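Trainee:
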Amino acid sequence: MQAVSIRQGSTPYSAANPAPASALFLDDNTPIPQLTRPGELLVRVHAATVTRDELAWPETYGPNDKSILGHDFAGEVVDTFDQTGTGLTAGDHVYGMTAAKRAHSTWAQFAVVQSAEAARKPASLDWASAATVPMSALTAWQALFVHAGVPEPDLSNNTTRTASKENPRRLLVTGASGAVGSYLVQLGALTGLHVTAASRSKTENADFLHSLGADEIVEYEELLGKENEFDVVTDTVGGQALESCWRLVRDGGSLITVDSSSLGFMEELPKNQEEKAKREKVKARGFIVEADGVQLQKIAVAVDLGLLKTFVAQIFPIWEASEAYEVGGRRLARRGKIVLSVAE
Numbered sequence: 001m002q003a004v005s006i007r008q009g010s011t012p013y014s015a016a017n018p019a020p021a022s023a024l025f026l027d028d029n030t031p032i033p034q035l036t037r038p039g040e041l042l043v044r045v046h047a048a049t050v051t052r053d054e055l056a057w058p059e060t061y062g063p064n065d066k067s068i069l070g071h072d073f074a075g076e077v078v079d080t081f082d083q084t085g086t087g088l089t090a091g092d093h094v095y096g097m098t099a100a101k102r103a104h105s106t107w108a109q110f111a112v113v114q115s116a117e118a119a120r121k122p123a124s125l126d127w128a129s130a131a132t133v134p135m136s137a138l139t140a141w142q143a144l145f146v147h148a149g150v151p152e153p154d155l156s157n158n159t160t161r162t163a164s165k166e167n168p169r170r171l172l173v174t175g176a177s178g179a180v181g182s183y184l185v186q187l188g189a190l191t192g193l194h195v196t197a198a199s200r201s202k203t204e205n206a207d208f209l210h211s212l213g214a215d216e217i218v219e220y221e222e223l224l225g226k227e228n229e230f231d232v233v234t235d236t237v238g239g240q241a242l243e244s245c246w247r248l249v250r251d252g253g254s255l256i257t258v259d260s261s262s263l264g265f266m267e268e269l270p271k272n273q274e275e276k277a278k279r280e281k282v283k284a285r286g287f288i289v290e291a292d293g294v295q296l297q298k299i300a301v302a303v304d305l306g307l308l309k310t311f312v313a314q315i316f317p318i319w320e321a322s323e324a325y326e327v328g329g330r331r332l333a334r335r336g337k338i339v340l341s342v343a344e
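Using full-length UniProt numbering, the letters of the sequence shown map in sequence onto residues 1 to 344.
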């Protein structure tokens, strides 16, 4: 089968010495992976997405170097090891994401995935659009409904807002126009939260964010004079934006970051007694998204009801993976994720 691998250089690659995009190549003779454990699915991959900075992830290197990159996927189940317990079987159209530590992943014609990492894909989406959903939407879902403790939306009544807007809880999303931020805005609006979307530019992003359901758009400078404004703050940016969030979240509220470089922000020394006192009254945590087929199925329902929008920035054939990865690391003119279309 065809699969995208990393061509080794003269010096071993690592997170400290990541492989360049030019090291990616299409191997036409990669063996088709085999099912070896209960619950595994063999999926014919139709589309996969480019994850920014994956070549810099520690999981890409180490004792079990990733021979195939990629995590998000959309495709068709062609075989199962046994009864999966999820009802997924050969012929099903599925989407999902694989764990970061997986050595053989989704930039390939076939991939082995755990049944718990997949769900039936939204029927309303094509392969490329479906592949853009799992990692970003799951990150947003888990930030709000698992870590911040916001009640999940009731998707049975087919409404765009399932909670009362009278005296709503207030949500702040930093990096609101990004891949994860755009789902945080949509899910927050879906559950009836008053959503404030923070963006570096209102001019560029206000119309887009309002179309996702944001109630208010602010630039970061507008947050400088605010305190105790939000019940839930979800950060996708890290750095200075995350630091400023301590004063913005109310006592008893939640401060959640998904920025991978900021996962230990709770252990950093507070700048003063006021911040120290605030930390004792706020549920704060950082996390890395986990694959979850049950959550993916709920997300698929929301997509098919027209409650969640998806965005594809550009589609590349799998043999242009090196260029796709380079483009994925830039600031894109179009919103959405970069997709690899896998040849039949």
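Ideal Cβ placement from N, Cα and C applies to all residues, glycine included.
What you are looking at is a predicted structure, and each value in this text was computed from that prediction instead of being measured.
Quick check on Ser-72: buried or exposed, where buried means 16 or more other Cβ atoms within 10 Å of its Cβ?
Mentor: Strictly speaking, residue 72 in this sequence is Asp, with Ser absent from that position. Asp-72 is buried by the Cβ-count criterion.
Trainee: DSSP three-state label for Asp-251, please.
Mentor: Strand.
Trainee: Could you check if Asp-292 is buried or exposed, using at least 16 other CB atoms within 10 Å of its CB as the buried criterion?
Mentor: It counts as buried.
Trainee: According to the Cβ coordinates, are Ile-6 and Ala-21 closer than 8 Å?
Mentor: No, they are not a contact pair.
Trainee: Cutting at 7 Å between CB atoms, please list the residues of its own chain near Glu-54, excluding the five before and the five after it.
Mentor: Within the same chain, Glu-54 has close Cβ partners Thr-60 and Leu-69.
Trainee: May I ask which residues mark the beginning and end of the alpha helix (DSSP H) holding Glu-204?
Mentor: Per DSSP, Glu-204 belongs to the alpha helix (DSSP H) from 202-212.
Trainee: Check whether the stretch 177-187 touches the stretch 126-138, counting contact only when three or more Cβ pairs, one atom from each stretch, lie closer than 8 Å.
Mentor: Touching, yes.
Trainee: Decide if the stretch 235-253 is in contact with the stretch 103-114; the criterion is three or more beta carbon pairs, one per stretch, under 8 Å apart.
Mentor: Short answer: they don't touch.
Trainee: My output table needs one value for Phe-311: the three-state DSSP class, helix, strand or coil.
Mentor: Three-state DSSP puts Phe-311 in coil, outside helix and strand.
Trainee: Whose C-alpha, out of Leu-212, Thr-236, Leu-172 and Asp-215, is nearest the C-alpha of Glu-227?
Mentor: Nearest option by C-alpha distance: Leu-172.
Trainee: Give a yes or no on whether the C-beta atoms belonging to Leu-209 and Ser-199 are separated by under 8 Å.
Mentor: Contact flag set, yes.
Trainee: Between which two residues does the alpha helix (DSSP H) holding Ile-299 run?
Mentor: Note, Ile-299: alpha helix (DSSP H), 293-304.
Trainee: Within 10 angstroms of its Cβ, does Arg-52 collect 16 or more other Cβ (buried), or is it exposed?
Mentor: Exposed: under 16 other Cβ atoms inside 10 Å.
Trainee: Any Cβ of chain D within less than 8 Å of the Cβ of Trp-127?
Mentor: Annotation note: the requested chain D is absent from the structure, which comprises a single protein chain.
Trainee: State buried or exposed for Val-294, treating a residue as buried only when at least 16 other CB atoms are found within 10 Å of its CB.
Mentor: Val-294 should be labelled exposed.
Trainee: Buried or exposed: where does Thr-203 fall if 16 or more other Cβ atoms within 10 Å of its Cβ makes it buried?
Mentor: So Thr-203 counts as exposed.
Trainee: Taking the C-alpha atoms as reference points, what is the distance between Arg-335 and Asp-207?
Mentor: For Arg-335 and Asp-207, the distance between alpha carbons rounds to 13 Å.
Trainee: With Gly-181 as the anchor, note down where its alpha helix (DSSP H) starts and where it stops.
Mentor: Start and end: 179-190.
Trainee: Going by DSSP, which residues form a beta bridge with Lys-283?
Mentor: Note: Lys-283 sits in a beta bridge opposite Ser-254.
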